[in-house]
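Student: Have a look at the structure that comes next, please.
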Ligand code: 13P
């Protein structure tokens, strides 16, 4: 049994004070007995400003694989742990395309986050070009293989399938496409590890999820939750999606 997950990736949005107000409102609106693991991933500056509550977990949007040192602009896992971070988004397509992150470095980050006791949310997904060339599965397989290259076990790993062409575009992958790729991810994880381990890995979908499409997407085969960008910035919309996922 995999607990459903709804994670909000705020990207470069919200000041610490805006984040604090959001978290207070969210905690007020969320029911006390949700089956959903809610994760909020503010920018680094917001990590210490959200209210502390058992109703949600804290996630970061990136980290470095080294412990400390001369890495201007980077953040370490111990710094995140000190802010009570439990999850770290890694290999997001914006990190890959805008900041030129490579699969090998993403793999090192996944292993570092795990060995320091946090849970990586490894993002994979094809670009529109790769989709049109029929290379979606090949791309996802490569990203999984290299992203998980340095780990011995799939325990505590979350995979987010985020087709790049669906991020922030209002285009959502069809339920059939999402089911197909999520099942492919599960099979690939089995090849890379074992059936029992792969069956326990949450595979969540991201790409223009909103309160209008959440219901059909969460009911798609092999979808264990969402990684949400735009709609996670509005507390009412975010809570609405959490409630939809909670009902399944
Ligand atoms: P949108 O929900 O805005 O499409 O963003 C998805 C995403 O990139 C989450 O990481």
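In our numbering, the protein residues as written are 2 to 249. We put the CB at the ideal spot given by N, CA and C, even for glycine. All of these numbers come straight from a predicted model, not from anything done at the bench.
(1) Opposite residue 8 in the DSSP bridges: which residues?
(2) Can residue 89 be considered in contact with the ligand 13P, in the sense that its beta carbon sits closer than 7 Å to one or more heavy atoms?
(3) Quick one, which of 72, 24, 76 has its alpha-carbon nearest residue 59's?
(4) Quick one: grab the DSSP three-state call for residue 111.
(5) With a threshold of 7 Å, establish whether the CB of residue 123 neighbours any heavy atom of the ligand 13P.
(6) Would you say the beta carbon of residue 228 is closer than 7 Å to some non-hydrogen atom of the ligand 13P?
(7) Could you check the C-alpha separation between residue 141 and residue 215 for me, to the nearest Å?
(8) Enumerate in chain order the residues of its own chain whose CB-to-CB distance from residue 109 is below 8 Å, with the five nearest sequence positions on each side excluded.
(9) In angstroms, rounded to a whole number, what distance separates the CA positions of residue 193 and residue 187?
(10) In terms of alpha-carbon separation, which member of 163, 205, 185 lies closest to residue 129?
(11) For the beta strand (DSSP E) containing residue 121, name the first residue and the last one.
(12) Any idea if residue 183 is buried or exposed, counting beta-carbon neighbours within 10 angstroms, 16 or more meaning buried?
(13) For residue 153, is the classification buried or exposed, using 16 other Cβ atoms within 10 angstroms of its Cβ as the cut-off for buried?
(14) So, under 8 Å CB-CB, residue 114 and residue 179 are touching, yes? Tell me the CB distance rounded to an integer number of Å.
(15) Just to confirm, does residue 150 get its C-beta within under 7 Å of one of the non-hydrogen atoms of the ligand 13P?
Tutor: In this structure, then:
(1) DSSP lists 40, 228 as partners of residue 8.
(2) Every heavy atom of the ligand 13P is 7 Å or more from the Cβ of residue 89, so no.
(3) Ranking 72, 24, 76 by Cα distance to residue 59 puts 24 first.
(4) The answer is helix: DSSP assigns residue 111 an H, G or I state.
(5) No, the ligand 13P has no heavy atom inside 7 Å of this Cβ.
(6) Residue 228 Cβ: within cutoff of the ligand 13P.
(7) Here the C-alpha atom of residue 141 lies approximately 23 Å from the C-alpha atom of residue 215.
(8) Only 66, 151 meet the Cβ criterion.
(9) Whole-angstrom Cα-Cα distance: 10 Å.
(10) With distances taken between Cα atoms, residue 129 lies closest to 163.
(11) Run containing residue 121: 120-125, per the beta strand (DSSP E) assignment.
(12) Only buried fits residue 183, as 16 or more other CB atoms lie within 10 angstroms of its CB.
(13) Under this definition residue 153 is an exposed residue.
(14) 26 Å between Cβ atoms; not a contact.
(15) Residue 150 Cβ: outside cutoff for every heavy atom of the ligand 13P.
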